[in-house]
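Trainee: Take this structure first; my questions come after.
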Amino acid sequence: MVLRVGCVPEHFSAPLMYAVDNGMFLDERIELVDWNGRSWAVSVKQDSKYCSLDDLAFGATFGISRKGSGSQVMAQYASSQYEWKEPQFAVLGDVNGLIEGVQTSQADAFLWERTTMQRHYSRQQVRYLGTVRPPWPAFSLAALSPLISDHKRVVGFLEWVQKAIEDFMGERRIEYVCERLGYGEEDVKGWLEYVRFSAGEVDCGKIDKVLKALEKAGVVKDLAVSDVVLKP
Numbered sequence: 200m201v202l203r204v205g206c207v208p209e210h211f212s213a214p215l216m217y218a219v220d221n222g223m224f225l226d227e228r229i230e231l232v233d234w235n236g237r238s239w240a241v242s243v244k245q246d247s248k249y250c251s252l253d254d255l256a257f258g259a260t261f262g263i264s265r266k267g268s269g270s271q272v273m274a275q276y277a278s279s280q281y282e283w284k285e286p287q288f289a290v291l292g293d294v295n296g297l298i299e300g301v302q303t304s305q306a307d308a309f310l311w312e313r314t315t316m317q318r319h320y321s322r323q324q325v326r327y328l329g330t331v332r333p334p335w336p337a338f339s340l341a342a343l344s345p346l347i348s349d350h351k352r353v354v355g356f357l358e359w360v361q362k363a364i365e366d367f368m369g370e371r372r373i374e375y376v377c378e379r380l381g382y383g384e385e386d387v388k389g390w391l392e393y394v395r396f397s398a399g400e401v402d403c404g405k406i407d408k409v410l411k412a413l414e415k416a417g418v419v420k421d422l423a424v425s426d427v428v429l430k431p
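Take 200 as the starting number for the sequence shown in the numbering used here and just add one per residue.
Spelled out as C-alpha cells, the structure:
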C-alpha cells in the first residue's frame with residue numbers, strides 16, 4: 200500500500216520535496232500530494248491608511264483564501280490576541296487574488312506566510328504591516344487514527360523524514376530552495392536563520408496551549424489534548 204502524504208509545495212516542506220527529488224522514498228512506497236497552507240505576515244495595499252497592526256483594532260475586513268482556511272484562522276487568532284474588533288471577511292482565493300483584493304479595496308488586509316510574501320513586497324505589489332506569531336508550529340505531521348495504530352508503518356515513515364531533514368540541511372539547502380522554488384538567496388538565508396525541523400514527540404503541554412488560543416479565537420470548542428493527539 201502506498202503511503203500518501205499531504206504536502207504544501209513551499210519552502211517549509213523542502214525536506215520532503217528534496218527527498219522525492221533525490222529518490223529517497225522510491226523503495227518505501229511513499230507519495231507526496233500537494234496541499235495548500237501558509238504561515239503569517241499581515242499585508243495591506245501600498246497606500247493603505249493602516250500603518251501598524253494597532254490600526255486594525257477598530258475594525259477591518261480581512262481577505263481570506265476560503266472559509267475555514269489558515270488565513271481566516273490567523274485573522275481570528277490575531278483579533279482575539281490583540282483584542283481587535285471582530286473582523287469581517289472577504290473570500291478572495293489564492294495569494295494573487297488576495298493581493299488584487301487589497302489593491303482594489305475589497306479587503307483591508309490579509310495574512311500569508313512571511314517568506315512567500317517577500318517577492319511581492321520587493322515588487323511593491325503590497326506593503327508589509329507586521330507579523331503575527333501563533334503559539335503553534337507552521338506545520339506538523341498528522342494522520343488518521345487507523346494509520347497511527349499501524350505502529351511499524353508510522354515509525355518507519357518518521358525515520359525517513361528525519362533522514363530527509365538531515366540530508367536537506369546539508370551544504371546545498373540554499374541552492375536547492377532557490378532553484379526548486381524560485382526564491383532569492385537572501386530570502387532563503389533569512390528563512391533558514393529561524394526555521395527549525397523537529398523530529399521529536401508531540402509536546403502535549405504546547406498542544407493544550409494551542410487549543411486554548413484557538414478556543415479563545417472562536418475556532419474550536421471544548422477540545423481536549425486527547426481528542427487531537429494519538430500516538431503510535
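Even for Gly, the Cβ is constructed at its ideal location relative to N, Cα and C.
Where Ile298 and Val387 are concerned, what is the direct C-alpha to C-alpha distance, given to the nearest angstrom?
Mentor: In the sequence shown, counting from the first residue as 1, residue 298 sits at position 99. In the sequence shown, counting from the first residue as 1, residue 387 sits at position 188. Cα to Cα, the separation comes out at about 22 Å.
Trainee: Given this structure, state the Cα-to-Cα distance separating Ala218 from Tyr320, to the nearest angstrom.
Mentor: Along the sequence shown, one-based indexing puts residue 218 at 19. Along the sequence shown, one-based indexing puts residue 320 at 121. Looking at the two C-alpha atoms, the distance is approximately 30 Å.
Trainee: Round the Cβ separation of Arg326 and Lys244 to the nearest angstrom and send it over; I've been treating them as touching at under 8 Å.
Mentor: The residue you call residue 326 lines up with position 127 of the sequence shown. The residue you call residue 244 lines up with position 45 of the sequence shown. Their Cβ separation, rounded to whole angstroms, is 7 Å, which keeps Arg326 and Lys244 in contact under 8 Å.
Trainee: Where does Gly300 fall in DSSP's three states?
Mentor: Here residue 300 is taken as the residue at index 101 of the sequence shown, counted from 1. Gly300: helix per DSSP, three-state reduction.
Trainee: Is DSSP giving Ala256 helix, strand or coil here?
Mentor: Along the sequence shown, read from residue 1 onward, the residue named residue 256 stands at position 57. Reduced to three states, the DSSP call for Ala256 is helix.
Trainee: Hey, Val290 and Lys266: beta-carbon distance below 8 Å or not?
Mentor: Along the sequence shown, read from residue 1 onward, the residue named residue 290 stands at position 91. Along the sequence shown, read from residue 1 onward, the residue named residue 266 stands at position 67. Yes.
Trainee: Apply the 10 Å Cβ neighbour rule to Arg393 and answer buried if 16 or more other Cβ atoms are within range, or exposed otherwise.
Mentor: Within the sequence shown, the letter at position 194 stands for residue 393. Correcting the residue type first, residue 393 is Tyr in the shown sequence and not Arg. Tyr393 comes out exposed.
Trainee: So, at 7 Å on beta carbons, what are the nonlocal neighbours of Gln396 in its own chain, with the 5 sequence-adjacent residues on each side left out?
Mentor: By 1-based counting over the sequence shown, the position of residue 396 is 197. Sequence check: residue 396 is Phe here, not Gln. Closer than 7 Å at Cβ, skipping near neighbours: Pro214, Ile364.
Trainee: Tell me the DSSP secondary structure of Glu370 in three-state form.
Mentor: Residue 370 sits at position 171 when you count from the first residue of the sequence shown. DSSP places Glu370 in coil when its eight states are reduced to three.
Trainee: Looking at Ser270: is its Cβ nearer than 8 Å to the Cβ of Trp311?
Mentor: In the sequence shown, residue 270 corresponds to position 71, counting from 1. In the sequence shown, residue 311 corresponds to position 112, counting from 1. For Ser270 and Trp311, yes; Cβs fall inside 8 Å.
Trainee: Whose CA, out of Thr303, Leu343, Val331, lies closest to the CA of Gln324?
Mentor: Mapped onto the sequence shown, residue 324 falls at position 125. The residue with the shortest Cα to Cα distance from Gln324 is Thr303.
Trainee: Does DSSP put Ala416 in a helix, a strand or coil?
Mentor: On the sequence shown, residue 416 is found 217 positions in, with the first residue counted as 1. Note: Ala416 maps to coil in three-state DSSP.
Trainee: Does the beta-carbon distance from Pro333 to Tyr276 come in below 8 Å?
Mentor: The sequence position of residue 333 within the sequence shown is 134, counting from 1. The sequence position of residue 276 within the sequence shown is 77, counting from 1. Against a cut-off of 8 Å, the Cβ pair of Tyr276 and Pro333 comes out as a contact.
Trainee: Per DSSP, what kind of secondary structure is Leu291 in: helix, strand or coil?
Mentor: In the sequence shown, residue 291 corresponds to position 92, counting from 1. Of the three classes helix, strand and coil, the one that applies to Leu291 here is coil, per DSSP.
Trainee: Can you tell me whether Phe224 is helix, strand or coil according to DSSP?
Mentor: The residue given as residue 224 occupies position 25 in the sequence shown. In this structure, Phe224 counts as coil in the three-state DSSP scheme.
Trainee: Using the three-state DSSP reduction, which class does Ala342 fall into: helix, strand or coil?
Mentor: Counted from its first residue, the sequence shown places residue 342 at position 143. Ala342: coil per DSSP, three-state reduction.
Trainee: Could you compute how far the alpha carbon of Asp307 sits from the alpha carbon of Val272?
Mentor: As a working mapping, residue 307 is identified with position 108 in the sequence shown. As a working mapping, residue 272 is identified with position 73 in the sequence shown. If you take the alpha carbons of Asp307 and Val272, they lie about 16 Å apart.
Trainee: In whole angstroms, what is the alpha-carbon distance linking Ala342 and Phe309?
Mentor: Here residue 342 refers to the residue found at position 143 when the sequence shown is read from its first residue. Here residue 309 refers to the residue found at position 110 when the sequence shown is read from its first residue. Ala342 and Phe309: Cα-Cα distance of roughly 29 Å.
Trainee: Just to confirm, are Glu414 and Lys420 a CB contact at a threshold of 8 Å?
Mentor: Translated into positions along the sequence shown, residue 414 becomes position 215. Translated into positions along the sequence shown, residue 420 becomes position 221. The answer is yes: Cβ separation under 8 Å.
Trainee: Which same chain residues, not among the five before or five after Thr260, have their C-beta less than 6 Å away from its C-beta?
Mentor: Position 61 of the sequence shown, counted from the start, is the residue given in the question as residue 260. Closer than 6 Å at the Cβ level, and outside the excluded window around Thr260, lie Gln287, Ala289, Ala306, Asp307.
Trainee: When the Cα of Ala240 is compared with those of Ser247, Gly300, Leu252, Lys248, which residue comes out closest?
Mentor: For the purposes of this step, residue 240 is taken as the residue at position 41 of the sequence shown. The residue with the shortest Cα to Cα distance from Ala240 is Leu252.
Trainee: When the distance is taken between beta carbons, is Ala274 closer than 8 Å to Ile263?
Mentor: Within the sequence shown, the letter at position 64 stands for residue 263. Within the sequence shown, the letter at position 75 stands for residue 274. Contact flag set, yes.
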